[in-house]
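Taking it in order: structure first as structure tokens, then the write-up.
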């Protein structure tokens with residue numbers, strides 16, 4: 045309760061000059077005991093504080109120059125790794141092709157050696173045949189034996 049009672053009218057009468065009376069009214073300010081205004085102000089402040097925290101928490105992080113440089117270096121290294129992988133794949137393919145060529149060359153050399161061996165055997169057979177023709181036939185003074193007649197049976201091995 046205030047020290048002014050609202051039921052009592054407060055008027056101050058001042059006599060400025062004889063016969064003239066001025067009346068001054070006193071305004072009494074009364075303090076309410078209600079804290080509703082403070083509760084509204086506190087709730088509004090809490091809402092503003094929550095909004096600021098939410099804005100700070102959801103904004104994207106600022107990228108610094110070092111972050112950008114690190115990202116650039118990582119991208120460059122990734123591109124270099126891809127280029128190295130491509131180069132190694134091409135080199136492996138060329139090595140595989142070279143191995144295929146080497147295998148083909150060795151097969152060709154083997155075939156040439158086989159052909160040379162076959163030609164040498166053919167010349168040797170030809171030389172034997174010429175030698176066999178130039179050797180004298182057996183003389184007729186030696187008795188010629190007649191071979192026994194051949195008997196063919198179903199179990200006889202065939203040449």
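Numbering (the working numbering), first residue to last: 45 to 203. Every residue gets a Cβ at the ideal spot worked out from N, C-alpha and C, and that includes glycine. Owing to the predicted nature of the structure, the values given are computational and were not obtained by experimental measurement.
In angstroms with no decimal places, state the Cα-to-Cα distance between residue i and residue j.
i	j	result
residue 173	residue 159	21 Å
residue 144	residue 136	12 Å
residue 119	residue 112	10 Å
residue 161	residue 147	21 Å
residue 86	residue 95	14 Å
residue 138	residue 101	56 Å
residue 83	residue 93	15 Å
residue 151	residue 157	10 Å
residue 127	residue 109	27 Å
residue 141	residue 134	10 Å
residue 81	residue 61	47 Å
residue 117	residue 124	10 Å
residue 79	residue 98	29 Å
residue 130	residue 115	23 Å
residue 163	residue 155	12 Å
residue 103	residue 122	29 Å
How is residue i classed by DSSP in three states: helix, strand or coil?
i	result
residue 45	Low confidence applies here, because residue 45 scores a pLDDT of 42, under 50, leaving its location unreliable; read the following figure in that light. In this structure, residue 45 counts as coil in the three-state DSSP scheme.
residue 62	coil
residue 103	coil
residue 78	coil
residue 199	coil
residue 108	coil
CB of residue i to nearest heavy atom of the ligand PLP: below 8 Å?
i	result
residue 111	Looking for the ligand PLP in the displayed structure turns up nothing, as the structure carries no ligands at all.
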